[in-house]
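The sequence shown lines up with residues 70 to 314 when you count with this note's numbering.
By construction, the Cβ of each residue, glycine as well, lies at the ideal position given by its N, Cα and C atoms.
Some notes on the structure that comes next.
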Amino acid sequence: MATDPANLESVFAAAWPPAEWRDVHVVLAVSGGADSVALLRAAIAAKKQAGGAGRLFVAHLNHGIRPVEAAADVAWLDDLCRELGVPLTIGNADVPALAARQGDGLEAAARHARYDFFRETAERLGARFVAVAHTADDQVETVLQRLIRGTGLAGVAGMPRVRPLSPSVLLVRPLLGVRRQDVLRYLESIGQDFRTDATNIDPRFTRNRLRHELLPHLRTEFNADVDEALLRLAQQADESQRLIA
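Here you go:
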């Protein structure tokens, strides 16, 4: 786990060595939130040091849920990408309409729309990787959500560090070993601001209730280290699943 916020860039490089991607194109999935902006800044720092023939690109999807705020997010991100010298691709989706057609809810529809957009963008740009900014906190929430819903060993293992999006594109999660508090401290240490999405506190969404209600209750009333316990469980399940495979 990252404990020194000033060290997040080296944690990123250790988790995803630039030698693996310096000579191929990479799409960075950036919403404008703290985690994805930290991913962007850490990837740029690693790229500057490593060099190589590949390029970094940023992809951002407007989900069609917050029209006014989303437009402001896009304008803010466009300014940041221009400042950092990274090309930006904007996509648009009508997630509420997709959710109504698919019947799986807004969260599932948004997730499917995002990954379809990232895959299509990477294939169009000839990128080998799509990097997303899931952190250890996201892993905790994912494992807990799957346990509550009922899952097997593969589900308890949580999100993998790498998985295929298509035959030519891999999804990678370089910040999966980083806690969210370290992300915030890193951004503060480099003077980088970020956007806040109001839907991240909307109690209609299961993950928000886990993050803001259930996990704080578990930490206070049952186990102050429940996050670490869930992360250990995920790691052990992943190792067991690999052994079985």
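DSSP-derived helix/strand/coil call for Pro233: DSSP places Pro233 in strand when its eight states are reduced to three.
Just to confirm, are Val201 and Arg230 a CB contact at a threshold of 8 angstroms? Cβ atoms of Val201 and Arg230: not closer than 8 angstroms.
Start and end residues, beta strand (DSSP E) containing Phe126: Where Phe126 is concerned, the enclosing beta strand (DSSP E) stretches over Leu125 to Asn131.
Look up Asn315 in the DSSP assignment and say whether it is helix, strand or coil. Summary: the structure shown does not reach residue 315, with the chain confined to residues 70 through 314, and so no result is reported for it.
Can you tell me whether Phe198 is buried or exposed? The criterion is at least 16 other CB atoms within 10 Å of its CB, across all chains shown. Label assigned to Phe198: buried.
When the Cα atoms are used, what is the spatial distance from Thr204 to Val247? Distance from the CA of Thr204 to the CA of Val247, rounded to the nearest whole angstrom, comes to 5 angstroms.
Looking only at its own chain, which residues have a Cβ that is under 7 angstroms from the Cβ of Trp85, when we skip the five neighbours before and after it? Around Trp85: Val241 and Pro243.
Cβ shell of Leu157 (< 7 angstroms), same chain only, five flanking positions each side left out: Annotation for Leu157: Val127, His129, Leu146, Asp147 and Cys150 place their beta carbon closer than 7 angstroms to its own, counting only its chain and skipping 5 residues before and after.
Determine the burial state of Leu245: buried for a count of at least 16 other Cβ atoms within 10 Å of its Cβ, exposed for fewer. Buried is the call here.
Per-residue burial, Gly101 [other beta carbons within 10 Å of its own, 16 or more giving buried]: Classified as buried, Gly101 has 16 or more neighbouring CB atoms from the shown chains inside 10 Å of its CB.
First through last residue of the beta strand (DSSP E) which encompasses His94: For His94, the enclosing beta strand (DSSP E) begins and ends at His94 to Ala98.
Output the distance between the C-alpha atoms of Arg288 and Leu300, rounded to the nearest integer angstrom. Taking the straight line from one Cα to the other gives about 14 angstroms.
In whole angstroms, what separates the C-alpha of Arg218 from that of Thr211? Straight-line spacing of the CA atoms in Arg218 and Thr211 works out to 11 angstroms.
For a quick check, are the C-beta atoms of Leu194 and Val96 less than 8 angstroms apart? For Leu194 and Val96, yes; Cβs fall inside 8 angstroms.
In terms of residues, what are the limits of the beta strand (DSSP E) holding Ala200? Per DSSP, Ala200 belongs to the beta strand (DSSP E) from Ala196 to Ala200.
Run the CB neighbour count on Gly172, radius 10 Å, all protein chains shown included, and call it buried at 16 or more, exposed below. Exposed, since its Cβ has fewer than 16 Cβ neighbours within 10 Å.
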